[in-house]
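Enquirer: Quick note, in my numbering, the sequence shown goes up one by one and the last residue is 592.
Note that beta-carbon positions come from the ideal geometry of N, C-alpha and C, so glycine has one too.
Before we start, here is the structure in question, set down as structure tokens.
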Amino acid sequence: MPRPRLDCDTPSAIQRMINTFWQLLSERRYRNITVTDIVRRANVNRNSFYYHFNKLDELAYRAIHDEVNRSPLVQSGGNGHVPDLQHWRKHVGELISTEEERKRTERLTMIVGPNTDPVLYQAFHDNEREALLAVLAREPEDVDPRTDLMMDFIIGGIMGILNRWQQLNEHHGTAPLTDDDATAIAIRVYALLLENCLPSGSPAGTTKQHAK
């Protein structure tokens, strides 16, 4: 998928278009959303849309990119630092306790909701993969087949959780996903990621420099 320009942004216009994208996706199928819908509701000039994005798919990619990368786990990594299990435990706690994280999760559940599209699935997969690589301080060219398979497994699991989250939220509330057992499962999944995907000799909670 072509990547949108992520620099030279006009923050207010970009954010209005992103917010409008999520609003419209909550109301109708993705393929029924048009650029005209976006610019009218966001109250931006059509030229402004095409300055930043070549087509609607690129706006969708950017919107998903921003939500994925606002994850506290992703935010706590970077610069060679790999968050350890304690950071992940904190992330799980924030996921279930803060309004900002609940809003982020609700947006991401739309990717597996009734209004979704294969374009959104692919954008989520690509962005989540990039985020996991960043968390693990891995470069794409250094990913071996085992790590590649494990990341696909993890991303598929995340999408399954989002789907389950949406179903429970509609009918029973999300309490079943926020109990101690669910937290333990989430922590174990991240532990498997660390065990199987970190370069040899690079423990979590360290930087690449420290691991050498």
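Have a look at G493 and G536 and give me their C-alpha separation to the nearest angstrom.
Expert: Rounded to the nearest angstrom, the two C-alpha atoms are 15 Å apart.
Enquirer: Near N423, what residues of its chain come up, given a Cβ to Cβ distance below 8 Å and the 5 sequence neighbours on each side ignored?
Expert: Only R396 meet the Cβ criterion.
Enquirer: Please return the same chain residues whose Cβ sits closer than 8 Å to the Cβ of A440, not counting the five positions on each side in sequence.
Expert: Closer than 8 Å at Cβ, skipping near neighbours: F401, Y410, V499, L500, A503.
Enquirer: How would you label L529, buried or exposed, when you count the other beta carbons within 10 angstroms and need 16 or more for buried?
Expert: Classification for L529: exposed.
Enquirer: For the alpha helix (DSSP H) that V499 lies in, which residues bound it at each end?
Expert: Residues 498 to 515.
Enquirer: DSSP three-state call for K435: helix, strand or coil?
Expert: Of the three classes helix, strand and coil, the one that applies to K435 here is coil, per DSSP.
Enquirer: Count the other CB atoms, across all protein chains shown, that sit within 10 Å of the CB of R518; report buried if there are 16 or more and exposed otherwise.
Expert: Answer is buried; the Cβ neighbour count reaches 16.
Enquirer: Would you give the residue range spanned by the alpha helix (DSSP H) that I418 belongs to?
Expert: Element bounds for I418: 415 to 422.
Enquirer: With 16 other CB atoms within 10 Å as the buried threshold, where does N412 fall?
Expert: Exposed, because fewer than 16 other Cβ atoms sit within 10 Å of the Cβ of N412.
Enquirer: List the whole-angstrom C-beta distance separating D446 from I491, where the pair is believed to meet the contact cut-off of C-beta under 8 Å.
Expert: Not really, about 13 Å apart at Cβ, beyond 8 Å.
Enquirer: Out of curiosity, what's the CA-to-CA distance linking R426 and E407?
Expert: Cα to Cα, the separation comes out at about 22 Å.
Enquirer: Terminal residues of the continuous alpha helix (DSSP H) containing T489?
Expert: Start and end: 479 to 489.
Enquirer: Does the beta-carbon of N434 have 16 or more other beta-carbons within 10 angstroms, so that it is buried, or is it exposed?
Expert: Answer is exposed; the Cβ neighbour count stays below 16.
Enquirer: Between A393 and L513, what straight-line distance do the alpha-carbon atoms span, to the nearest angstrom?
Expert: Whole-angstrom Cα-Cα distance: 30 Å.
Enquirer: Distance check for L405 and V594, CA to CA, integer angstroms please.
Expert: Missing from the structure shown is residue 594; the chain here goes from 381 to 592 and no further.
Enquirer: Between R487 and the rest of its own chain, which residues show a CB-CB distance below 7 Å, the 5 nearest in sequence each way excluded?
Expert: If we look at R487 and ignore the five residues flanking it on each side, its Cβ neighbours are W402, E447.
Enquirer: Identify whether G536 lies in helix, strand or coil by the three-state DSSP scheme.
Expert: Helix, per DSSP.
Enquirer: Examine chain D for any beta-carbon lying closer than 7 Å to the beta-carbon of A503, and answer yes or no.
Expert: The structure shown contains no chain D, having only a single protein chain.
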